[in-house]
Amino acid sequence: AVVALENARLFNATQRALERQTATAEVLRVIASSPGDVQPVFDAIARSANRLLGGHSTMVGRFEGGLLHLVGYTATNPEGDAALEALFPAPLSRFPFAPLVIESRQPVLIKDTEAPGEREDSMRELARMRGFRSVLFTPLLRDGVATGLISVTRREPGTFAPHHVELLQTFADQAVIAIENTRLFNETKEALEQRTATSEILK
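Numbers given in the numbering used here equal positions in the sequence shown, counted from 1, plus 128.
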């Protein structure tokens, strides 16, 4: 019995590690294939996170100019998708959970959107339209500062397993890497174009 339990533990740990590596490889391929455009990366992260965490839906948001922008999500139904898109862009004050994610720089869980509470109240209408009951938020951190967030929902109320929380953080890290790579790529491209133009004029 002890051997069987240990084998099961090792098997599950290996499976989780393989899932994480597979997800990382998939997103890295997208990053490599579109160095100047971060949108395909956001889309790939949303799809992969939703699949590997057994989610109902996934959303990726980015903070810019004091507003939270929707940059990627997985579809649920036409009405729910339209309701989600209509929320953005918007100031962080519109989303009671967003300041908590930013300030804590830690994952934030809403176990049940139907439970009484300020954060749950703000999510209830959207949750009903998109068909979820629980949601996990994780910040996108760059140099210790939250630059966005990613969330995964489930149809049932409850918690997320620790390895799923870690996996979502891995996806958040990849999103930050993609944003920075795209910024550097575009800056380098612009600098090269300027030097090329200057060289032509000097000739």
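Here a beta-carbon is modelled for each residue, glycine too, at the ideal position from N, C-alpha and C.
On a predicted model such as this, the values are computed, not experimentally measured, just so you know.
In this structure, the straight-line span from the alpha carbon of residue 309 to that of residue 132 is close to 45 Å. Taking C-alpha positions only, residue 211 is separated from residue 272 by approximately 31 Å. Around the Cβ of residue 290, a 10 Å sphere holds fewer than 16 other Cβ atoms; the residue is exposed. For residue 269, the beta-bridge partners assigned by DSSP are 274.
In this structure, residue 276 places its C-beta atom within 7 Å of the C-beta atom of residue 191. Counting only the Cα atoms, residue 256 lies some 30 Å from residue 301. By the 16-neighbour rule on beta-carbons within 10 angstroms, residue 177 is buried. Short of 8 Å from the beta carbon of residue 162, and not among the five residues preceding or following it, lie these beta carbons of its own chain, in chain order: 168, 169. If you look at residue 166, you'll find it isn't in any alpha helix (DSSP H); DSSP assigns it neither H nor E. The residue from 230, 281, 259 with its alpha-carbon nearest to that of residue 182 is 281.
DSSP places residue 219 in the strand class (E or B) of the three-state scheme. A direct Cα-to-Cα measurement between residue 304 and residue 250 gives close to 27 Å. Contact between residue 189 and residue 180 does not hold, since their C-beta atoms are separated by about 19 Å, which reaches or exceeds 8 Å. With a threshold of 16 other beta carbon atoms within 10 Å, residue 264 meets it and is buried. Residue 292 is not bridged by DSSP to any residue.
Residue environment analysis places residue 279 among the buried positions, since at least 16 neighbouring C-beta atoms fall within 10 angstroms of its C-beta.
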